[in-house]
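Just so we're aligned: 43 in our numbering is position 43 of the sequence shown, and the numbers increase by one with no gaps anywhere.
This report refers to the structure that appears directly beneath it.
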Amino acid sequence: MKTPTRWIIIILVLSGWIVSGVLYVNSQNKQAKTETEKVILETELQAYQLFAKDIEDSTEKIDDMIKALEGIKDNFEKIKNQMERGSTQK
Numbered sequence: 001m002k003t004p005t006r007w008i009i010i011i012l013v014l015s016g017w018i019v020s021g022v023l024y025v026n027s028q029n030k031q032a033k034t035e036t037e038k039v040i041l042e043t044e045l046q047a048y049q050l051f052a053k054d055i056e057d058s059t060e061k062i063d064d065m066i067k068a069l070e071g072i073k074d075n076f077e078k079i080k081n082q083m084e085r086g087s088t089q090k
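See below:
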């Protein structure tokens, strides 16, 4: 009786180690896959953040251009008014 019981215990211990090894390898593969996905998502996030920053910078530059053009328009209107006043005074 002792020999079959001993073999059963040895088989159970070995199968437990094998199952533990398989589960460990599987968890390591999942962890590696998760890390890869994390790196990809972080890279995409950085790209979107840079894109958003570029849009904000462009918006500020466009606003500055609009202000400059409005200033030029106001100056032209002042010159036009001065020319009209000058032509009516003669």
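Just so you know, even glycine gets a beta-carbon here, dropped at the ideal spot from N, CA and C.
If we ignore side chains and look at the alpha-carbon of each, how far apart do alanine 47 and isoleucine 10 end up?
In the sequence shown, the residue the question calls residue 47 occupies position 47. In the sequence shown, the residue the question calls residue 10 occupies position 10. Each residue's alpha carbon lies about 55 Å from the other.
Rounded to whole angstroms, what's the CA-CA distance from tyrosine 24 to glutamate 42? Just pull it up for me.
Here residue 24 refers to the residue found at position 24 of the sequence shown. Here residue 42 refers to the residue found at position 42 of the sequence shown. Looking at the two C-alpha atoms, the distance is approximately 27 Å.
What separation, rounded to the nearest whole angstrom, lies between the Cα atoms of glutamine 31 and serine 20?
The sequence position of residue 31 within the sequence shown is 31, counting from 1. The sequence position of residue 20 within the sequence shown is 20, counting from 1. Straight-line Cα distance between these residues: approximately 16 Å.
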